[in-house]
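For reference, the structure discussed in these notes is given below.
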Amino acid sequence: MKKLEAVIKPFKLDEVREALSAIGVNGLTVTEVKGFGRQKGHTELYRGAEYVVDFLPKIKVEVVLAENMLDNAIEAIIKAAHTGKIGDGKIFVTSVEQVIRIRTGETGEAAI
Amino acid sequence: MKKLEAVIKPFKLDEVREALSAIGVNGLTVTEVKGFGRQKGHTELYRGAEYVVDFLPKIKVEVVLAENMLDNAIEAIIKAAHTGKIGDGKIFVTSVEQVIRIRTGETGEAAI
Amino acid sequence: MKKLEAVIKPFKLDEVREALSAIGVNGLTVTEVKGFGRQKGHTELYRGAEYVVDFLPKIKVEVVLAENMLDNAIEAIIKAAHTGKIGDGKIFVTSVEQVIRIRTGETGEAAI
Ligand SMILES: Nc1ncnc2c1ncn2[C@@H]1O[C@H](COP(=O)(O)OP(=O)(O)OP(=O)(O)O)[C@@H](O)[C@H]1O
Ligand SMILES: Nc1ncnc2c1ncn2[C@@H]1O[C@H](COP(=O)(O)OP(=O)(O)OP(=O)(O)O)[C@@H](O)[C@H]1O
Ligand SMILES: Nc1ncnc2c1ncn2[C@@H]1O[C@H](COP(=O)(O)OP(=O)(O)OP(=O)(O)O)[C@@H](O)[C@H]1O
Ligand SMILES: [Mg+2]
Ligand SMILES: [Mg+2]
Ligand SMILES: [Mg+2]
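In structure tokens:
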């Protein structure tokens, strides 16, 4: 199993969630974070205003999924989160060794 | 070393923390998150009221531990976090390559 | 590629960020968390006052970087986050399989 962590622009959360639901993703976890990328000292748009890129509010979306859904999910996130302006975000892929669904005790892909 | 990430119901945090302390877990990190699982469109209880399961508040508990404590920790979390109602949560297990304790410079299992 | 997760004292964030920028780190993500380490029942200083170490506010700094920057980054974080008092924090190292930069579609180390 794999985990995708996507750090995106906050106003893109709804589109990303819908795009993931549309391809059959069953669950996800969202965290409010702050971050910066390469443009330190330059400016980035946030809610229509320009900010010096120090820390800007971002949303981290985490999705654990079966490996055969990985490419679809990456494509869905890119399509939904892309604006073409700096600060669109990053996707990080890692490996997950085990998943347990607490209510049922199911494990592995059945638990996702 | 392994990392457990458990996404649980917020009111279960105290029980989960006590269950982990009881088996010898020395440290943990908690994040307020939002999430959904399989019941999109259905309802889930939160603080006694029913919500349509869009994003619900959850707590993410992260524990890094020695591999020989993994099974005990999973069992402890399941027992403490389980209510039998939907939304009880998930446990994700990943591998951790290195740990450093900043104050002492210790590394590896000695640093956990 | 590797991910460093450092859980540090909140007032150390600026120093850690500057130390990482100084060695060429291009991006990072910050989350407000709560945590405890080994001193349950003992006290730890936070903003000049003593607290019983239950959950204390901490900052999680996440940095994804090329493997050849790993040792420098660990050293930079330790130097910047260290006070010598309990609660200085931990660094966890994990493996990252893929990175995608959403705006450009770049992948791998070019995307970090
Ligand atoms: N190497 C990294 N490690 C951890 N988090 C990162 C890293 N790079 C980016 N991020 C996170 O992703 C967010 C968005 O990054 P961003 O899209 O600005 O990257 P970028 O490389 O500067 O690309 P762009 O030129 O399109 O802005 C950052 O605010 C930060 O939270
Ligand atoms: N595949 C997943 N990826 C990332 N986070 C997930 C995933 N599945 C669940 N979560 C997180 O765990 C929380 C609890 O999930 P939940 O217990 O509702 O899972 P479920 O599969 O719907 O099980 P149940 O039928 O018992 O409700 C979600 O709110 C979300 O934060
Ligand atoms: N095993 C662990 N798993 C997950 N998070 C941890 C773990 N150990 C520590 N942390 C996180 O790091 C923070 C700082 O830990 P802390 O520096 O107090 O560790 P410690 O082992 O008690 O070292 P010290 O004796 O120097 O205080 C904790 O508040 C917690 O958020
Ligand atoms: Mg940028
Ligand atoms: Mg559910
Ligand atoms: Mg401590």
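Protein chains in written order, with this note's numbering: chain A, 1046 to 1157; chain B, 1046 to 1157; chain C, 1046 to 1157. A virtual CB, placed ideally from N, CA and C, is assigned to each residue, including glycine.
Cβ separation of residue i and residue j, assumed to be a contact under 8 Å, to the nearest whole Å
i, j, result
"V1138 (chain A)", "E1142 (chain C)", "5 Å"
"L1049 (chain B)", "V1144 (chain B)", "That belief does not hold up - the Cβ atoms of L1049 (chain B) and V1144 (chain B) are roughly 14 Å apart, past 8 Å."
"V1070 (chain A)", "L1110 (chain A)", "6 Å"
"R1148 (chain C)", "G1129 (chain A)", "6 Å"
Nonlocal neighbours in the same chain, by C-beta distance under 6 Å from residue i, ignoring five residues either side
i, result
"Y1091 (chain C)", "L1101"
"G1103 (chain A)", "The sequence as given places Lys at residue 1103 (chain A); Gly does not occur at that position. Closer than 6 Å at the Cβ level, and outside the excluded window around K1103 (chain A), lie V1052, V1078 and G1080."
"A1121 (chain C)", "A1064, L1065 and I1068"
"R1146 (chain A)", "A1156"
"K1057 (chain C)", "A1126"
"P1055 (chain C)", "P1102 and I1104"
Residue i (DSSP reduced to helix, strand or coil)
i, result
"G1072 (chain C)", "coil"
"A1064 (chain A)", "helix"
"A1126 (chain A)", "helix"
"G1150 (chain B)", "coil"
"A1155 (chain C)", "helix"
"A1044 (chain A)", "Outside the displayed range of chain A (1046 to 1157) lies residue 1044 (chain A), so it cannot be described from this structure."
"K1057 (chain B)", "helix"
"E1077 (chain A)", "strand"
"E1050 (chain B)", "strand"
"E1107 (chain A)", "strand"
Check: residue i C-beta below 7 Å from any heavy atom of ligand 8
i, result
"G1082 (chain B)", "Absence of ligand 8 from the depicted structure is noted, with ligand 1, ligand 2, ligand 3, ligand 4, ligand 5 and ligand 6 being the only ligands included."
Neighbourhood of residue i by C-beta distance below 8 Å, restricted to the same chain and skipping five residues each side
i, result
"L1073 (chain B)", "R1062, L1065, V1106, E1107 and V1108"
"G1153 (chain B)", "M1046, Q1143 and V1144"
"I1119 (chain A)", "L1049, I1136 and V1138"
"E1151 (chain A)", "I1145"
Contact set for residue i: own chain, Cβ-Cβ below 7 Å, skip 5 residues either direction
i, result
"E1060 (chain B)", "A1125"
"T1076 (chain B)", "K1105"
"G1082 (chain B)", "G1132"
"S1234 (chain C)", "Not covered by the structure: residue 1234 (chain C). The range shown for chain C is 1046 to 1157."
"N1117 (chain C)", "I1068"
Give a yes or no on contact between the stretch 1059 to 1074 of chain C and the stretch 1112 to 1125 of chain C, applying the rule of three or more CB pairs nearer than 8 Å. With a cut-off of 8 Å, the stretch 1112 to 1125 of chain C and the stretch 1059 to 1074 of chain C count as touching, because enough Cβ pairs lie within range.
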